[in-house]
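**Student:** The structure follows.
In the numbering used here, the protein residues as written are 26 to 230.
Spelled out as structure tokens, the structure:
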């Protein structure tokens with residue numbers, strides 16, 4: 026059987042269409058953004074209240090320990106949920122997972138470095154930079170996901186995240202910056218997460 030030039034072009038066009046559809050498949054990582062948006066809004070708000078004298082200083086460790094436990098359990102539960110959703114192996118969702126995994130590792134190293142400095146030099150000013158660095162990295166993840174997946178609306182939240190990061194660096198060490206961090210986590214994580222979840226495909230195909 027001989028394939029004509031016209032048939033070959035049609036096949037190539039069809040393959041390209043499938044690739045484009047896969048690239049623009051609905052993103053299924055919104056539940057993770059909602060999880061961390063909620064947890065960080067609460068944790069930043071509580072930490073800010075502590076620094077401004079509304080909550081006793083002794084609760085600092087408990088706040089972030091509770092954050093870590095809830096985050097770990099939440100990720101474990103959501104991993105089972107997202108793997109059952111259609112489109113989990115699409116290019117856009119694989120890119121989204123990879124970008125956020127890299128950003129999470131980067132934030133972990135920032136946290137370790139800041140805490141190590143505090144312990145070594147008894148100077149915890151570096152811990153204020155964790156939040157500022159975090160928002161900068163959230164922006165990188167949101168912008169990268171937008172570009173790689175074709176969901177360009179995410180760039181709005183990337184620019185907002187970068188603006189918050191710059192403001193936090195400018196006012197590094199100010200207790201009220203944690204209140205801004207709580208509002209920021211709501212805006213750049215929780216809000217886009219909810220939008221993404223509303224666009225998720227049904228489990229029934």
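Backbone N, C-alpha and C fix where the C-beta goes; we use that ideal spot for every residue, glycine too.
On a predicted model such as this, the values are computed, not experimentally measured, just so you know.
Below 7 Å between beta carbons: does that hold for residue 168 and residue 145?
**Tutor:** As a first step, residue 168 must be located in the chain shown, where it is residue number 143. As a first step, residue 145 must be located in the chain shown, where it is residue number 120. Going by C-beta atoms, residue 168 is not nearer than 7 Å to residue 145.
**Student:** Excluding the five sequence neighbours on either side, which residues of its own chain have a C-beta within less than 7 Å of the C-beta of residue 122, listed in chain order?
**Tutor:** Your numbering for residue 122 matches position 97 in the chain shown. 54, listed in sequence order.
**Student:** Tell me whether residue 77 is buried or exposed, calling it buried when 16 or more other Cβ atoms sit within 10 Å of its Cβ.
**Tutor:** On the chain shown, position 52 is the one that residue 77 refers to. Counting Cβ neighbours within 10 Å, residue 77 comes out exposed, since fewer than 16 surround it.
**Student:** Is it buried or exposed, residue 97, if we count other Cβ atoms within 10 angstroms and call 16 or more buried?
**Tutor:** Within the chain shown, numbered from 1, the residue matching residue 97 stands at position 72. The residue is exposed, with fewer than 16 neighbouring Cβ atoms inside 10 Å.
**Student:** Just the C-alpha distance for residue 46 and residue 117, rounded to the nearest angstrom, thanks.
**Tutor:** Sequence index remark: in the chain shown, residue 46 carries index 21 (1-based). Sequence index remark: in the chain shown, residue 117 carries index 92 (1-based). Its pLDDT being 49, under 50, residue 46 is placed unreliably by the model, and nothing is read from it.
**Student:** Could you check which residue in 175, 215, 195 has the C-alpha nearest to that of residue 52?
**Tutor:** As a first step, residue 52 must be located in the chain shown, where it is residue number 27. The candidate whose alpha carbon is nearest that of residue 52 is 175.
**Student:** Short check: CB of residue 163 to CB of residue 124, under 7 Å?
**Tutor:** Working through the chain shown from its first residue, we reach residue 163 at position 138. Working through the chain shown from its first residue, we reach residue 124 at position 99. Result no, Cβ atoms of residue 163 and residue 124 do not sit closer than 7 Å.
**Student:** Considering Cα atoms alone, identify which of 104, 109, 110, 66 is closest to residue 89.
**Tutor:** For this step, residue 89 is matched to residue 64 along the chain shown. Residue 89 has its Cα closest to that of 66, out of 104, 109, 110, 66.
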